[in-house]
């Protein structure tokens with residue numbers, strides 16, 4: 016093997032690989048001999064098939080396998096000797112004109128970038144804050160009441176908070192589309208489950224009334240074949256039901272798991288759960304700001320091979336998600352180009368975090384992993400069983416370890432960046448419309 020690594024770009028490299036033809040022929044002969052001992056052909060007993068017939072049937076396949084193996088060995092030896100960190104799979108192409116009976120190839124590949132973490136002292140990170148007080152607890156209790164509401168039919172037009180049962184049929188240019196038709200479909204008006212234009216059309220309608228209206232799907236709608244298009248909908252209201260909210264009393268507290276019906280205890284449990292949920296959402300917001308700060312402070316080339324691989328992975332995830340929703344994509348595959356920007360960001364951030372963890376020793380410690388598991392377990396009735404479940408499951412442990420590493424990175428950045436506490440409205444944080 017000869018080494019002559021050519022630099023084609025910031026990360027792209029090319030090298031010529033030479034494999035002696037005699038080695039190929041020797042290995043092909045050895046494999047065909049081994050194959051002849053077990054191969055079956057009509058008219059011959061196992062192990063008695065003439066070698067010429069074995070070579071005629073399997074020679075091309077065996078030669079291709081040997082050639083691939085030898086090229087792989089040559090490339091691996093080059094990578095090891097040159098201490099290269101190869102990103103993705105090399106593109107191997109035959110090269111004519113080899114000397115001395117060699118078989119020549121060129122391998123084009125990318126290497127991982129050298130990453131130097133930028134100066135974070137002038138980078139601003141927004142640390143999200145949202146206190147949990149009596150008002151937030153009251154808001155949560157109202158939501159719980161609505162979740163436990165009973166309903167009775169009313170004659171008036173539908174208003175927000177009512178449960179409306181409808182039949183609807185959507186069409187594009189007169190042709191119904193998949194997922195656009197339903198019968199006896201219930202939803203709560205105003206909760207955001209349906210698109211705003213759909214809710215606006217139903218609002219004010221009474222049981223027995225029908226309406227036809229246009230609806231334009233958002234440009235980022237989850238079904239690409241509908242995104243940005245305007246459909247016609249026919250809707251008939253079958254039933255309008257008004258909610259009856261339960262009283263806030265001992266029975267209500269018992270329905271929330273407070274055995275003795277103590278309202279004060281109920282509020283304390285709601286507060287604890289709410290603080291846990293709010294804390295998690297605040298941490299996620301702060302984490303996103305930290306990641307943006309890291310990306311803004313550090314610039315480097317990203318291997319195209321890794322980005323393309325991530326694009327394919329994201330496209331496959333999108334196809335699986337649409338299939339789970341009943342949308343078939345056989346005739347209209349999702350172009351991986353749609354995920355180019357997202358894939359590049361994910362790859363860039365992954366490389367950056369890996370380098371930061373390595374260079375700053377931010378790996379997860381066992382005591383951190385244990386504490387993270389214990390914190391999760393506290394929200395369950397039997398914490399000890401939850402802890403053992405995590406400890407006995409490698410995949411779950413890996414998830415916890417990844418989360419701890421991420422927390423270490425966030426704390427490292429917060430200690431070095433310009434941190435600005437940013438208030439977030441409770442309903443916004445919880446993803447509520449009001």
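Numbering (our numbering), first residue to last: 16 to 449.
Glycine included, C-beta positions come from ideal geometry on N, C-alpha and C.
Top-ranked residue by Cα proximity to residue i, from the options
i, options, result
"residue 421", "313, 353, 309, 166", "309"
"residue 130", "368, 258, 432, 387", "368"
"residue 102", "322, 125, 158, 151", "125"
"residue 19", "52, 90, 35", "90"
"residue 166", "281, 146, 255", "255"
"residue 292", "444, 97, 41", "444"
"residue 252", "159, 315, 193, 179", "179"
"residue 235", "403, 298, 354, 83", "354"
"residue 244", "275, 185, 277, 297", "185"
"residue 187", "294, 69, 248", "248"
"residue 298", "419, 208, 233", "419"
"residue 316", "128, 64, 157, 56", "128"
"residue 50", "38, 64, 58, 39", "64"
"residue 285", "225, 39, 159, 366", "159"
"residue 205", "228, 174, 434", "174"
"residue 34", "437, 93, 372", "93"
"residue 111", "438, 431, 31", "31"
"residue 226", "237, 203, 238, 250", "250"
Residues bridged to residue i [DSSP beta-bridge criterion]
i, result
"residue 185", "248"
"residue 411", "Paired residue(s): none; residue 411 is not in a bridge."
"residue 199", "None, per the DSSP bridge assignment."
"residue 228", "248"
"residue 32", "120"
"residue 178", "203, 256"
"residue 191", "186"
"residue 443", "DSSP output for residue 443 lists no bridge partner at all."
"residue 438", "144"
"residue 21", "29"
Residue span of the beta strand (DSSP E) that contains residue i, given as start and end
i, result
"residue 171", "Premise fails: residue 171 is in no beta strand (DSSP E) and is neither H nor E."
"residue 106", "101–110"
Run of the alpha helix (DSSP H) containing residue i, from where it starts to where it stops
i, result
"residue 39", "36–51"
"residue 127", "Here residue 127 belongs to no alpha helix (DSSP H), and DSSP marks it neither H nor E."
"residue 67", "66–97"
"residue 368", "355–375"
"residue 348", "Per DSSP, residue 348 belongs to no alpha helix (DSSP H) and is neither H nor E."
"residue 54", "Counting along the chain, residue 54 falls outside any alpha helix (DSSP H), and DSSP gives it neither H nor E."
"residue 213", "211–217"
Output the residue ranges of the alpha helix (DSSP H) runs that lie fully inside the stretch 233–318 and measure 4 residues or longer, sorted by chain position. 265–270, 278–312
Do the stretch 304–323 and the stretch 134–152 make contact, defined as three or more Cβ pairs closer than 8 angstroms? yes
Can at least three beta-carbon pairs, one atom from the stretch 117–126 and one from the stretch 267–275, be found at a separation below 8 angstroms? no
Any chance you could list the alpha helix (DSSP H) runs of at least 4 consecutive residues sitting entirely within the stretch 378–435, in chain order? 381–392, 398–406, 409–429
Is it a yes or a no for the stretch 379–397 touching the stretch 355–364, going by three-plus beta-carbon pairs under 8 angstroms? no
For a minimum of 3 consecutive residues, which ranges assigned as the beta strand (DSSP E) are wholly contained in the stretch 136–160? 139–144
So, do the stretch 408–423 and the stretch 374–389 have three or more beta carbon pairs nearer to each other than 8 angstroms? yes
Say whether the stretch 76–87 touches the stretch 27–45, bearing in mind that this needs 3 or more beta-carbon pairs closer than 8 angstroms, one atom from each stretch. yes
For the stretch 191–199 and the stretch 147–163, state whether three or more C-beta atom pairs, one from each stretch, are separated by less than 8 angstroms. no
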